[in-house]
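Take a look at the structure below.
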Amino acid sequence: MSGTKINSYLTFNGNCREAMQFYKECLGGELSFQTVEESPFTKKLPTKLKDCIVHSTLKNETFVIMASDMVDDKGLIKGNAVSLLLDCSSEEEIKNRYAKLSSGGEATHPPTVSFWGTLFGNLIDKYGNHWILNYNRDL
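Residue numbers for the sequence shown, in my numbering: 1 to 139.
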């Protein structure tokens with residue numbers, strides 16, 4: 001088995017900085033940004049995009065979330081085909097993370113004991129991203 005990892009990469013329509021700062025407040029971690037103005041793209045793109053985020057990373061020892069504002073001419077299309085799964089380490093953590101991430105969004109399924117025995121919930125955050133939260137009480 002190789003050391004290949006899959007990480008999430010989110011695309012925003014001009015509010016990447018705001019969203020990533022929100023995720024940092026909810027999840028903690030180290031956050032970095034690179035704007036259009038700070039990148040080699042600055043001469044190729046309109047001046048109005050200079051503050052848009054070309055790349056952002058929020059990471060800690062257990063996760064990496066990357067994101068940007070850069071979308072093509074079709075614009076940003078949000079869907080429900082992809083969710084971010086957050087495996088929590090305690091009941092307190094899942095409830096705390098759920099409350100923070102659902103703030104301003106839609107609390108679609110608050111954490112409850114599922115038929116398979118885990119504490120499970122899901123939500124849509126205020127940026128339209130789908131989150132699944134899980135805590136396996138037996139581990």
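C-beta: ideal position from N, C-alpha, C; glycine also.
Compute the distance between the beta-carbons of LYS50 and VAL36, then report whether it is under 9 angstroms. By 1-based counting over the sequence shown, the position of residue 50 is 50. By 1-based counting over the sequence shown, the position of residue 36 is 36. Cβ atoms of LYS50 and VAL36: closer than 9 angstroms.
Best match in LEU27, CYS16 and PHE12 for proximity to LEU86 [C-alpha to C-alpha]: As a first step, residue 86 is located in the sequence shown; it is residue number 86 there, counting from the start. Nearest option by C-alpha distance: LEU27.
MET70 - DSSP class collapsed to helix/strand/coil: Working through the sequence shown from its first residue, we reach residue 70 at position 70. In the structure shown, MET70 sits in coil (DSSP, three-state: anything other than H, G, I, E or B).
Quick check: the Cα distance between THR32 and PHE41, rounded to an integer number of angstroms? Counted from its first residue, the sequence shown places residue 32 at position 32. Counted from its first residue, the sequence shown places residue 41 at position 41. Note that residue 32 corresponds to Ser in the displayed sequence, not to Thr. When the Cα atoms are used, SER32 and PHE41 turn out to be separated by approximately 18 angstroms.
What does DSSP give as the partner residue(s) for ASN122 in the beta ladder? As a first step, residue 122 is located in the sequence shown; it is residue number 122 there, counting from the start. Beta-bridge annotation (DSSP): ASN122 is paired with HIS109 and ILE132.
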